[in-house]
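Below: the structure, in C-alpha cells.
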Amino acid sequence: AQKITQTQPGMFVQEKEAVTLDCTYDTSDPSYGLFWYKQPSSGEMIFLIYQGSYDQQNATEGRYSLNFQKARKSANLVISASQLGDSAMYFCAMTKAPSGGYNKLIFGAGTRLAVHP
Amino acid sequence: SAVISQKPSRDICQRGTSLTIQCQVDSQVTMMFWYRQQPGQSLTLIATANQGSEATYESGFVIDKFPISRPNLTFSTLTVSNMSPEDSSIYLCSVAGLAGTDTQYFGPGTRLTVL
C-alpha cells in the first residue's frame, strides 16, 4: 500500500526567506507520481508541482521546486523567497502511475506554513 | 485555463436529510473524482465518477450513502444521504485530463455542516 508522511505539523518562515517542507513516501510500485498542493483557509486545493518517478530532473515551477531523492523516498517542497500569501496548508500526495493524476491521490497529513513579515 | 465549479459552495443541513453537490467543468475531462476532507484532516477519496456507468467506491464508502452520477464528460454529482453530524466536511471534486495535461485539478470545494 502507498503511504505519504509529512512529519512537520507546522512551520514558520520569515518573509523573503526560503523554506523546505518535508515529504517521505512508501510504495512498492515501480512507477508513481508525486504532487504538492496548497490549501488556503478558503478550502480550495491549488496544484503547485508534480514529479514523476522516472523524471531525471527535479521539477520546478516558479518559486516552487521539488527536491526528489528517490533512494531516500523523499519529495520535499522548497519555496524560495516566501511571501505572506504563501501562508496555508501544504499537502504532499502520490499516485500509482507515473502518468500524473489519472489515478487516485493518496495524501499526507499536511504541513501548516506561516509566513511572518 | 479550464474552470471547475461546485455548487453549493457551503450549506448547513439538518440530520437525516440529503444534499446533492454538483461539479461542473467547462471542458471535457477524462477522469472525475470525489474527495472528503473532515475537519482538521487530510483528503480521502470517496469514489471515482465513471461516465455512463456506476462509480468506483473506495473502501469504507458505499453507494447508498454517497450516490454519484456522471452523465457526461463535464458534469458529476455527489449526494450525501441521510446525513449525520459526522458528515460535516469539505467535499471536493477533482478532474484529470484537462487540455491534455495529466495533472489532477480540484474544484473550490463544498463546505457542509450537519446539525
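Chains E and W, in that order, give the protein sequences.
Quick note: the first sequence uses the numbering used here, first residue 1, plus one each step.
Quick note: the second sequence uses the numbering used here, first residue 118, plus one each step.
Ideal placement from N, C-alpha and C gives every residue a C-beta, glycine not left out.
Three-way DSSP call (helix, strand, coil) for residue 102 of chain E in this model: helix
Establish whether the CB of residue 221 of chain W and some CB of chain E are separated by less than 8 Å. yes
What residues are listed by DSSP as bridge partners for residue 75 of chain E? Residue 75 of chain E pairs with E/68.
Going along the chain, which residues of its own chain have a beta-carbon closer than 6 Å to the beta-carbon of residue 185 of chain W, five neighbours each way excluded? 164, 166, 172, 195
With distance defined between alpha-carbon atoms, name the residue in E/67, E/111, E/14 nearest to residue 57 of chain E. Selected option, being the one with the closest Cα: E/67.
Check each candidate in W/232, W/135, W/204 and name the one with the smallest Cα separation from residue 152 of chain W. W/204
Endpoints, beta strand (DSSP E) assigned at residue 3 of chain E: For residue 3 of chain E, the uninterrupted beta strand (DSSP E) run begins and ends at 3-5, by DSSP.
Counted within 10 angstroms of its Cβ, other Cβ atoms place residue 202 of chain W as buried (16 or more) or exposed: The Cβ neighbour count for residue 202 of chain W, taken over all protein chains shown within 10 Å, is under 16; the residue is labelled exposed.
Grouping DSSP H, G and I as helix and E and B as strand, with all else coil, what is residue 18 of chain E? coil
Who are the Cβ neighbours of residue 137 of chain W in its own chain at under 6 Å, not counting the five residues just before and after it? Excluding its 5 nearest sequence neighbours in each direction, residue 137 of chain W has C-beta neighbours in its own chain below 6 Å: 194, 196, listed in chain order.
Of the choices E/88, E/53, E/105, E/13, whose alpha-carbon is the least far from that of residue 111 of chain E? E/88
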